[in-house]
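Counting in my numbering, the sequence shown runs from -1 upward without gaps. Structure record follows, encoded as structure tokens.
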Amino acid sequence: MMQEMGIQGRIKHKYVTTADSKHNNKIYSNLIKDKELTGINQVWCADITYIRILNGFIYLSTIIDIYSRKIVGYAIGKTLSPKLAITALSIAIATRNTEDLIHHSGQGIQYPCKDYIKYGG
């Protein structure tokens, strides 16, 4: 009957977890909690999300300048590897001034890994 009427029941949506915060890497303090921003390139925030495609998911790693709310670096990939986050970071660093910059991110394993920290210097 529902098919004849062109309606369907509730579709159960799948989701993907993008943060694996169960790791032994150092967790850094929140340095932006009470910071008042006065211009660009003071605080960047990094995150990863997923995008559903026809046969699964792809991942989007972004770095946003908190003051301007502009994306300053991004990368798209098939896996949640640290390389995805490092690519987004490398693009952001190549296009912006990073002197006296605070980098804020989630606690997923991509961000506190030694390669990401070493790249961001």
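Ideal placement from N, C-alpha and C gives every residue a C-beta, glycine not left out.
Restricting to Cα atoms, I'd like to know which of Tyr65, Ile49, Asp113 and Tyr72 is closest to Ala90.
Tyr72
Candidates Tyr117, Lys81 and Asn39, of which the one nearest Val70 by Cα:
Asn39
So, using beta-carbon positions, are Leu87 and Ile61 closer together than 8 Å?
Yes. Within cutoff.
Among Ile64, Leu99 and Ile107, which residue has its Cα nearest to the Cα of Ile84?
Ile107
Can you list the alpha helix (DSSP H) stretches of 4 or more residues lying completely in the stretch 63 to 113, in chain order?
80 to 93
Report the rounded CA-to-CA distance for Leu114 versus Pro80, giving the unit in angstroms.
Note that residue 114 is Tyr in the sequence shown, not Leu. Each residue's alpha carbon lies about 7 Å from the other.
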